[in-house]
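K.L.:
Quick mapping for you: the protein sequence lines, in order, are chains A and B.
All residue numbers for the first sequence refer to the numbering used here, where the first residue is 988 and numbers rise by one.
All residue numbers for the second sequence refer to the numbering used here, where the first residue is 13 and numbers rise by one.
Note that the Cβ used here is the ideal one computed from N, Cα and C, for glycine as well.
Note that the structure is a prediction, hence the values are computed from the model and not measured.
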Amino acid sequence: MSEPASTTAQLKTRIGRKFEELARKTELGLVTYFTAGDPSIEGTEAIVLRAAESGADVIELGIPFSDPVADGPTIQRASERALRAGTTLEKVLGLVATLRKKTEVPLVLFGYFNPILQRGLTDFARKASAAGADGVLVTDMTPEESSEYRSTMHANGLDTIFLAAPTSTDERLKRIADASSGFLYVISRTGVTGAKDSLPEELPAMVRRARKFTRLPIAVGFGISVAAQVTILGGIADAVVVGSSLVGEIQKARSVNEAADNAAARVRLLKDAAKHGVSRRG
Amino acid sequence: MKRVMTEKMPDGRGRFGAYGGRYVPETLMAPLEELERAYEEARADGKFQTQLDELLKNFAGRPTPLQFAPRLTEHLGGATIYLKREDLLHTGAHKINNCIGQGLLAVRMGKKRVIAETGAGQHGVATATVAARLGLECTVYMGTEDMARQRLNVFRMKLLGAEVVGVDSGSKTLKDAINEAMRDWVTNVRTTHYLLGSVLGAHPYPMMVRDFHRVIGKEARAQILEAEGRLPGWLFACVGGGSNAIGLFYEFLGDANVKMVGVEAGGRGGTLGEHAARLAAASGFAGARPGVLQGTHTYVLQNADGQIATTHSVSAGLDYPAVGPEHAWLAEQVRAEYTAVHDDEAVEALRTLARLEGIIPALESAHAVAEVIKRTPKMKQDEVIIVNLSGRGDKDMEILAKYV
């Protein structure tokens, strides 16, 4: 078993600076997910810019994959739409470069390992970094398999964000925390991505358990879609991640403008809840 | 062919050389660690082994015969051909060996529910059967294309009390059924055991499923020594994920003079999308490179951008874009050879075996027979070969109706 190194690279990307700023303001961060290329690369550009203006603190850009095993129906359909629209990793990296000319919002590339592996870890990391990405989250990358992946990303100034799950043992939480930089992503429940009505009762305990192993900011995601959930999480987490409900707005919209309007409206609501909820540090 | 030492394969990280490993969402990591521990404990527990042996003997019908095929041997005029009759097992294929093993393990781990994916339906039927026998709740995921072409197995699973869930995404075949089974597992992981049906997925599955099928090769080795007084020159088996092949091959890996051929689905031809041949690039089948799919690092059919390709085979059980990581390793070591035969060659082989030996093999197994038909005439008559008849063809009658 190759253990991750006990210290991660001391990176200071836009992600770290954003979380410092949020901590100073004692404000819950809002991380939003969009699948790149859904409905088109240009469409995603417009939607992401509006989301950033409307209060998204960090943007996760999904790299579409043919076999998204960790995703529920909403994001599966988004991946299919993006791939049908001809989205490639190259185009996603191009989108990052375009966005970076227009916004300083932290950008995390979010996806599955195979497309990155086929591109080549070093080539991917160099291009992603040059385009202006700040971090990478690979759903099916585990700390155990990550030694080369992490060193390559860190060498190129990219944060590596790993997932912690309700099933993760303390031993695993330590391993995950040690491999992570930027923030730690705590999955709220066992299951795939997708909006749910309620938060699991054991979530606060799960976040407390994760905090024993890291000083990184903790973002909670999976199943979070409405302002009331965000308000509750203010006392527990440093940020919330919202994906499927925003992607759902894109699916429902009849045009890119409508998708951007509706996503932006939802982001404003969520950010409002984040600002007015109880803050963990407040 | 060279001798390879396999006792330490996979290593502690579940690696067969560069292949294998664990690439799954974090939610599944602790359960995989738990499964690995439970399996290691069960393997060392005499009581577990006794239970397993009892069910393999009295429920599944082991040992299976190693049968001389006189008319096929005479017809081809080359090597002496033996058939390992896994098709005679309860439920009609080798799949039940693994299902009994993992079913007992699920009970041991206190899981009340098992889920499975299935392509041809053989693994789904075997899982539903074992679940019924052991009193477990059972859900089987199956691509809707496969449900249409293997309808009879859908009926069987339902009769056995399993819920069959149609999967309508992607190519609507085995790969998509595995995606959906993984999504179920990640959601219900605390109560559910994922009874994966081939030597695929994250560690410990490729090792554990192999071990439950090693009985095929153990029996065959003893049986051929009894029948011929010597080891065979060649072994043939079809390779989808590769469970029946590794089950036959494994006990012979240390026998340097036993050559091994894995036969993949050549479908309609060598163009990407028209076949399911991952290790047969030398035979002109394009599109496979090392990659990561559904938990493991292995040879995967994919496009230049790392998107997984659609596949085609007349045989639903071979219609899958990745191959078991141990096969990728055996191919790289040049310990086993991998090739592919086309749909029509497999169907023709099935007819030949039916008419000459009175055995209708599954379309999957017919791929191995087709390769035997190609090669055996060129072999010396004193050569001995074994072909694994991994399943019977009853399930394929609706597909075969148009060829009769």
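#1: So the beta strand (DSSP E) B/P302 belongs to, where does it begin and stop?
#2: Just verifying my parser: in three-state terms, what is the DSSP assignment at B/Y206?
#3: When DSSP builds the beta bridges, which residues end up paired with B/Q314?
#4: Assign B/Q393 to one of two classes, buried (16 or more other C-beta atoms within 10 Å of its C-beta) or exposed (fewer than that).
#5: Excluding five sequence neighbours on each side, which residues of the same chain lie with their C-beta closer than 8 Å to the C-beta of B/G104?
#6: List the DSSP bridge partners of A/L1124.
#7: Under 8 Å, Cβ to Cβ, is there at least one residue of chain A near B/M121?
#8: Do the CB positions of A/G1016 and A/D1225 come within less than 8 Å of each other?
#9: Is B/T199 close to chain A? Criterion is C-beta to C-beta, closer than 8 Å.
#10: Mapping DSSP to helix, strand and coil, what is B/Q345?
#11: Please check if any C-beta of chain B sits within less than 8 Å of the C-beta of A/A992.
#12: Going by the beta-carbon positions, is the gap between B/L40 and B/V201 smaller than 8 Å?
#13: Is there a C-beta anywhere in chain E that falls below 8 Å from the one on B/D394?
#14: State yes or no: is the C-beta of B/A30 within less than 8 Å of the C-beta of B/H309?
#15: Should B/R49 be flagged as near chain A, meaning a C-beta pair shorter than 8 Å?
#16: Using 8 Å as the limit for Cβ to Cβ distance, is A/S1065 near chain B?
#17: So, using beta-carbon positions, are A/P1130 and A/I1163 closer together than 8 Å?
#18: For the segment 27-51 of chain B, list every residue whose C-beta sits within 7 Å of some C-beta in chain A, in sequence order.
#19: Give a yes or no on whether 8 Å exceeds the smallest Cβ distance from B/Q210 to chain A.
#20: If I'm right that B/F264 touches B/V273 with Cβ under 8 Å, what's the distance once you round it to whole angstroms?
#21: How is A/N1143 classed by DSSP in three states: helix, strand or coil?
#22: Ordered along the chain, which non-local residues of its own chain (more than five positions away) have a Cβ less than 8 Å from that of B/I35?
#23: Taking the alpha helix (DSSP H) that B/L368 belongs to, which residues open and close that run?
#24: To the nearest angstrom, how far is the alpha carbon of A/E1271 from that of A/P1153?
#25: Just mark B/P22 as buried or exposed, buried being the case when its beta carbon has 16 or more other beta carbons within 10 Å.
#26: Between the segment 1127-1141 of chain A and chain B, which residues of the former have CB atoms less than 8 Å from a CB of the latter, in chain order?
#27: When we look at the beta-carbon of B/M409 and count the other beta-carbons within 10 Å, is it buried (16 or more) or exposed?
P.N.:
This is what the structure gives:
#1: For B/P302, the enclosing beta strand (DSSP E) begins and ends at A300 to L305.
#2: Correct three-state label for B/Y206: strand.
#3: Here B/Q314 is bridged, per DSSP, to B/I320.
#4: Exposed.
#5: Result list for B/G104: Q134, V137, A374, G403, R404, D406 and K407, in chain order.
#6: Per DSSP, A/F1097 and A/I1148.
#7: Using a Cβ-Cβ cut-off of 8 Å, B/M121 does not count as an interface residue toward chain A, since no Cβ of chain A sits closer than that to its own.
#8: Yes.
#9: The C-beta of B/T199 comes closer than 8 Å to at least one C-beta of chain A.
#10: Here B/Q345 carries a coil assignment [DSSP, helix/strand/coil].
#11: Annotation note: pLDDT 47 at A/A992 (below 50); position unreliable, coordinate value reported separately. With 8 Å as the cut-off, A/A992 does not count as an interface residue toward chain B.
#12: Yes, the pair counts as a contact, with Cβ atoms nearer than the cut-off.
#13: The displayed structure is made up of protein chains A and B, and chain E is not among them.
#14: Yes, the Cβ-Cβ distance between B/A30 and B/H309 is below 8 Å.
#15: Chain A contact via Cβ: absent.
#16: Going by the sequence as given, residue 1065 of chain A is Ala instead of Ser. Chain B, which has no Cβ nearer than 8 Å to the Cβ of A/A1065, makes this no.
#17: A distance below 8 Å separates the beta carbons of A/P1130 and A/I1163.
#18: Sequence-ordered contacts of the segment 27-51 of chain B with chain A read G33, R34, Y35, V36, P37, E38, T39, M41, A42 and P43 [C-beta pairs closer than 7 Å].
#19: Just to set this straight, residue 210 of chain B is Ser in the shown sequence, not Gln. No, B/S210 does not count as interfacial toward chain A.
#20: Actually they are not in contact, since the Cβ atoms of B/F264 and B/V273 sit about 12 Å apart, beyond 8 Å.
#21: It is coil, neither helix nor strand.
#22: What sits at residue 35 of chain B in the sequence shown is Tyr, not Ile. Within the same chain, B/Y35 has close Cβ partners A214, V304, G307, T308 and H309.
#23: D355 to E369 is the span of the alpha helix (DSSP H), which, as asked, contains B/L368.
#24: Coverage of chain A is limited to positions 988 through 1269, which leaves residue 1271 of chain A absent and any answer about it impossible.
#25: B/P22 is buried by the Cβ-count criterion.
#26: Against chain B - using a Cβ distance shorter than 8 Å - the residues of the segment 1127-1141 of chain A are D1127, M1128, T1129, E1131 and E1132.
#27: Exposed is the call here.
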